[in-house]
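Engineer: Under the working numbering, think of the first position of the sequence shown as 545, with each following residue one higher.
Ideal Cβ positions, reconstructed from N, Cα and C, are used throughout, including at glycine.
I have a structure here, written as structure tokens, and I will follow up with some questions on it.
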Amino acid sequence: MSRRLLAGPPKPPASRRRGQPWLPPGERWLGVSPAQPEAPAALAFPGAYPAAMASLGYLSVLRELLAQGLPTHRLPLAGSAPPESLEEGRPLRSYRLVALSAAWELEAVEAVAALRRAGLEPDPARRGPDDPLVVAGGALTLVNPRPLLAFADAVVFGEGLTAATALARGVLRGAGRRELLDSLGALPNTALAGQPDDAVLAERHAAAVSRYTVAPGPLASPVVTEASAFGESFLVEACRGCPRGCRFCVLRRDRCGPFAPFAAETVVEAVPAGAPRAGLVGAGISDHPALERLLERLVDRGIAVSTSSLRVASLTEAHLRLLVRGGARQLTVGVDGLSERLRDALGKPLPVRRVEALAEAARAAGLEALKLYVMVGVPDETAEDVAEFVELARRAARHVRLAVSAAPLVPKPWTPLAEVPFAPATALRERLAGLRRGLGSFARLDLGSPRVAAREHALAHASLAEARRLTGVVR
Ligand code: SF4
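Written out as structure tokens, the structure reads:
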């Protein structure tokens, strides 16, 4: 799961007036548009605008609400001012429905702070009948829905389009707050605030997550914009879930349902004529059985292609050549453990020589840069593992420009590492300092914060009572 970039929302012109919906420059909407006056609904995003415009989960819910005919605005929650919609500059409290998509644990904290700035009581039990209905969902619910249940009136686990359809139809027929909640509560993948005891919540959640990959797809974005974190890409889902079993990963095989690759033809046809670039989304994309054909068909149409992070062991020279023909200049892959020993223990074996061979093949195919994701704080890790990774990176850097993104391992619930304690801050700082010393002279570094990762860990494992405290609902 990627972190949201830090940047403020685009600024509308000073001359904008109520009733004159505005769209940030450079956005191209396909078939639907949020530029409608007096919308009753807003879809909120924590974090920054470029990240929201690169979040297929967020955009596909927006597309569904708009396609159902429900005028819906976008509502950035970041910043220190009371949140206002992008399209009309309206305050959060002026909407009847405020839906929210969160991918990362700390976004729940950001959402609670934004509700306070909006003058809305963040505890759902203390909100009144005239307050907006707050409904939350997103990828975070695949980990732990409780940080969202701490402040939302209802939370949707996993697949969000069915709930979006029900909400849109309800608001359009004038349903009140109670009726909307009842229609959500009737769905199998939701929980309402104050309703479930923890055992019932856990049962509903597990059942919904295990069906995540079988919901219809592929999801596709309703908008293309240069300002997206992925550039001017039309985002389309190439697959859902993953057939691998990495021990740290919440998307490991079968936990979210069987791996669901979408037919290459279906994915290609979803990309509209005139799209300059396609962004293929999917955790297990490296294992898509028709990845080569998929890339080839798009590149042959003259469309540039980028993908989610790729798995080193599955990449072939043909994939690399096609990615380069599709305009790629940099390849991003997950190495995950610092050493072969740790990668074996994490269930993602990868020999050093394979990474070096990939760097060499990437250069030969015409790629200029390689970005490696790696984790620190893996159980039994020592300074020798850091040294092994520095050597791996040195070998890779002989062939391509190198970037390394290193972050603390956050053992997540529902994984074989769930009970592993979060590594002590001193050990994490030592490892990160070792990477900085070893790599600083030849690789671009992006080092995660142990403090932020510790908060992420606490929220990932929080009970509802803990989540209410950690998100700031109760102080
Ligand atoms: S290959 Fe990637 S998505 Fe699949 S289980 Fe491993 S880490 Fe998760």
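Work out the CA separation of L854 and S883 for me, nearest whole Å.
Structural biologist: Their Cα atoms are separated by approximately 19 Å.
Engineer: What is the C-beta distance between L614 and V715, in whole angstroms, given that I count them as a contact (C-beta under 8 Å)?
Structural biologist: Confirmed, Cβ separation roughly 6 Å.
Engineer: Could you give the DSSP three-state label for Y756: helix, strand or coil?
Structural biologist: Of the three classes helix, strand and coil, the one that applies to Y756 here is helix, per DSSP.
Engineer: To the nearest angstrom, how far is it from the Cα of R548 to the Cα of R939?
Structural biologist: For R548, the predicted structure reports a pLDDT of 41, less than 50, and the residue's modelled location is therefore unreliable. The matter cannot be settled from this model.
Engineer: Where in the segment 633-710 do unbroken runs of the alpha helix (DSSP H), each at least 4 residues long, occur, reported from the N-terminal end onward?
Structural biologist: You should have 650-661 and 690-693.
Engineer: Given A947, which residues of its chain have a CB within under 8 Å of its CB, disregarding the five upstream and five downstream residues?
Structural biologist: Contacts found: Q874, A913, L914, K915, L916, A987, R988, L989 and D990.
Engineer: Pair every Cβ in the segment 623-634 with every Cβ in the segment 783-797, then say whether three or more of these pairs are closer than 8 Å.
Structural biologist: No, they do not touch.
Engineer: Can you find the residues in the same chain that come closer than 6 Å, C-beta to C-beta, to L763, ignoring five residues on each side of it along the sequence?
Structural biologist: These residues qualify, in order along the chain: L600, S604 and E781.
Engineer: Suppose the cutoff is 7 Å on Cβ atoms and the five residues either side in sequence are ignored; what does the same chain contact list for V930 look like?
Structural biologist: Closer than 7 Å at the Cβ level, and outside the excluded window around V930, lie L882, R975, G978, L979 and G982.
Engineer: Could you work out which residue in V954, P766, R907 and A698 is closest to R945 when comparing CA atoms only?
Structural biologist: Closest option to R945, Cα to Cα, is R907.
Engineer: Output the distance between the C-alpha atoms of M545 and A969, rounded to the nearest integer angstrom.
Structural biologist: Any reading at M545 needs caution, since the residue's pLDDT is 38, under 50, leaving its predicted position unreliable; the model's value is listed next. About 22 Å.
Engineer: Less than 7 Å between C-beta atoms, sequence neighbours within five positions excluded: which residues of the same chain meet that for S772?
Structural biologist: Cβ neighbours of S772 beyond the five flanking positions: P594, M597 and A598.
Engineer: Here's the rule I'm using: 16 or more other beta-carbon atoms within 10 Å means buried, otherwise exposed. How should L671 be labelled?
Structural biologist: A small fix is needed here, since residue 671 is Arg in this sequence, not Leu. Burial call: buried.
Engineer: Pull the bridge partners of K915 from the DSSP assignment, please.
Structural biologist: DSSP, once it has assigned bridges, lists T876 and A947 as partnering K915.
Engineer: Around the Cβ of V744, are there at least 16 other Cβ atoms within 10 angstroms (buried) or fewer (exposed)?
Structural biologist: Exposed, by the Cβ-count rule.
Engineer: Helix, strand or coil: how does DSSP classify P994 here?
Structural biologist: Three-state DSSP puts P994 in a helix.
Engineer: Within its chain, find whatever has a CB closer than 6 Å to the CB of R791; leave out the 5 residues flanking it on each side and keep chain order.
Structural biologist: Around R791: L890, G891, P960 and L961.
Engineer: With respect to the beta strand (DSSP E) encompassing E571, which residues constitute its N-terminal and C-terminal limits?
Structural biologist: Where E571 is concerned, the enclosing beta strand (DSSP E) stretches over E571 to W573.
Engineer: Rank L724, D697 and V687 by C-alpha distance to the C-alpha of R796 and give the top, closest one.
Structural biologist: Of the candidates L724, D697 and V687, the one whose C-alpha sits nearest the C-alpha of R796 is V687.
Engineer: From the DSSP output, in three-state form, read off H832 for me.
Structural biologist: If DSSP states are grouped into helix, strand and coil, H832 belongs with coil.
Engineer: My assumption, with CB atoms under 8 Å, is that S645 sits in contact with F589. Please give the rounded CB distance.
Structural biologist: About 6 Å; that satisfies the 8 Å criterion.
Engineer: Less than 6 Å separating the Cβ of R887 from some heavy atom of the ligand SF4?
Structural biologist: No - the ligand SF4 has no heavy atom lying nearer than 6 Å to the Cβ of R887.
Engineer: Is it the case that the CB of G672 approaches a heavy atom of the ligand SF4 more closely than 6 Å?
Structural biologist: Not so, every heavy atom of the ligand SF4 lies at least 6 Å from the Cβ.
Engineer: Note down, in chain order, each residue of its chain lying with its Cβ closer than 7 Å to the Cβ of L550, except the 5 sequence neighbours on either side.
Structural biologist: Only weak support exists for where L550 lies, its pLDDT of 46 falling under 50; the value from the coordinates is given anyway. Once the five neighbours on either side are set aside, the close Cβ partners of L550 are A592.
Engineer: Taking the alpha-carbon positions, what's the S949 to S985 distance?
Structural biologist: Rounded to whole angstroms, S949 to S985 spans 15 Å at the Cα level.
Engineer: Report the three-state DSSP secondary structure of L587 (helix, strand or coil).
Structural biologist: Looking at L587 - three-state DSSP - the assignment turns out to be strand.
Engineer: Just to check, is the beta-carbon of L609 closer than 6 Å to a non-hydrogen atom of the ligand SF4?
Structural biologist: No, the Cβ of L609 stays beyond 6 Å of every heavy atom of the ligand SF4.
Engineer: At a cut-off of 6 Å, would you count R788 as near the ligand SF4, judging by its Cβ distance to the nearest heavy atom?
Structural biologist: Yes; taking the cut-off as 6 Å, the Cβ of R788 has a heavy atom of the ligand SF4 nearer than that.
Engineer: Go to G775, then tell me how far its beta strand (DSSP E) extends in each direction, as first and last residue.
Structural biologist: Per DSSP, G775 belongs to no beta strand (DSSP E) and is neither H nor E.
Engineer: Is any heavy atom of the ligand SF4 found at a distance shorter than 6 Å from the C-beta of A1022?
Structural biologist: As shown, the chain starts at 545 and ends at 1019. That puts residue 1022 outside it, with no answer to give.
Engineer: Got a sec, what are the start and stop residues for the alpha helix (DSSP H) V811 sits in?
Structural biologist: Note, V811: alpha helix (DSSP H), A808 to A814.
Engineer: Does the beta carbon of E884 come closer than 7 Å to any beta carbon on chain D?
Structural biologist: Among the protein chains of the structure shown there is no chain D, as only one such chain exists.
Engineer: Compare the Cα-Cα distances from P689 to each of G704, G1016 and L1008 and report the closest residue.
Structural biologist: The residue with the shortest Cα to Cα distance from P689 is L1008.
Engineer: Assign R925 to buried or exposed, taking buried as 16 or more other Cβ atoms, counted over all protein chains shown, within 10 Å of its Cβ.
Structural biologist: What sits at residue 925 in the sequence shown is Glu, not Arg. When all chains shown are included, E925 counts as buried.
Engineer: Taking buried to mean at least 16 other C-beta atoms within 10 Å of its own C-beta, is S777 buried or exposed?
Structural biologist: Burial call: buried.
Engineer: Given F806, which residues of its chain have a CB within under 7 Å of its CB, disregarding the five upstream and five downstream residues?
Structural biologist: Only G761, P762, E781, A782 and C783 meet the Cβ criterion.
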